[in-house]
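Everything on this sheet refers to the single structure shown next.
Residue numbers (our numbering), protein chains in the order written: chain F, 6 to 127; chain R, 5 to 116.
So, in structure tokens, the structure goes:
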């Protein structure tokens with residue numbers, strides 16, 4: 006498996022533009038997480054999905070942020086309109102469910118991270 | 005406030021020395037994990053210790069957990085230049101579902 010895939014790796018945009026970040030989780034994983042990492046605030050969980058359903062979006066900073074998971078192999082995080090304070094590295098991570106796959110195959114809540122998207126909003 | 009907080013924030017050692025970093029947390033946990041992040045990369049899982057375990061080893065890594073003090077430590081023995089990275093603890097709190105809360109990290113520099 007190629008691991009968690011994110012695109013684009015780098016995005017530079019101007020304030021007010023719409024930004025869409027994409028993530029492909031590891032095949033067979035049931036959970037998908039979106040994080041944001043900045044020097045000031047560290048690594049913050051924005052939202053996570055279980056079987057394509059959003060479970061907890063309490064970390065989404067405001068209505069400008071939205072996330073979708075239309076199927077098990079794809080998720081997007083959208084920022085509209087973008088602002089300079091949104092500049093950060095955005096990570097997607099996925100994990101499997103040991104209750105479904107068994108503890109020998111799946112370590113509970115071990116998360117696999119993608120390489121991240123470095124977003125710069127000018 | 006953060007669930008997990010690492011100490012020290014930064015650590016500089018010579019190759020071959022041991023590196024020790026600590027993590028404190030506030031609420032009861034199911035387990036605690038340590039991750040490594042190389043510059044410009046995503047986090048990589050290193051080791052998980054359950055709340056009923058006190059010590060765990062994996063290669064040159066040794067993790068301890070003291071639930072009475074709500075703290076954990078990560079020891080890297082015989083460090084190598086390739087161990088240069090940031091190290092994060094992450095807690096899986098009871099009743100938090102599958103959420104992990106990450107600490108601020110310890111930046112480790114291993115000088116050759």
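Glycine is no exception: its CB is placed at the ideal position from the N, C-alpha and C atoms.
query: Opposing strand residues paired with residue 33/R [DSSP bridges]; result: 97/R
query: Where the region 44–58 of chain F meets chain R: residues whose CB sits under 8 Å from a CB there; result: 47, 48, 50, 53, 55
query: Residue 104/F (DSSP reduced to helix, strand or coil); result: helix
query: Sequence-distant residues of the same chain with beta carbon closer than 8 Å to residue 107/F, five excluded per side; result: none
query: Closer than 7 Å to chain R by CB, residue 120/F; result: yes
query: Assigned exposure category for residue 110/F - 16 Cβ within 10 Å defines buried; result: exposed
query: Boundaries of the beta strand (DSSP E) in which residue 55/F is found, first to last residue; result: 47–55
query: 7 Å Cβ cutoff, residue 114/F in contact with chain R; result: yes
query: For residue 5/R, the three-state DSSP class (helix, strand or coil); result: Residue placement at residue 5/R cannot be trusted, given a pLDDT of 35 that sits under 50; what the coordinates show is reported in the next sentence. Residue state, collapsed to three classes: coil.
query: In DSSP terms, what residue 74/R is bridged to; result: BP columns for residue 74/R are empty, so no partner.
query: Cβ-based contacts, 8 Å cut-off: residues of the region 88–112 of chain F near chain R; result: 96, 98, 100, 112
query: At least three beta-carbon pairs within less than 8 Å, the region 89–105 of chain R to the region 55–62 of chain F; result: yes
query: For residue 62/R: DSSP bridge partner residues; result: 65/R
query: Min CB distance residue 13/F to chain R below 7 Å; result: no
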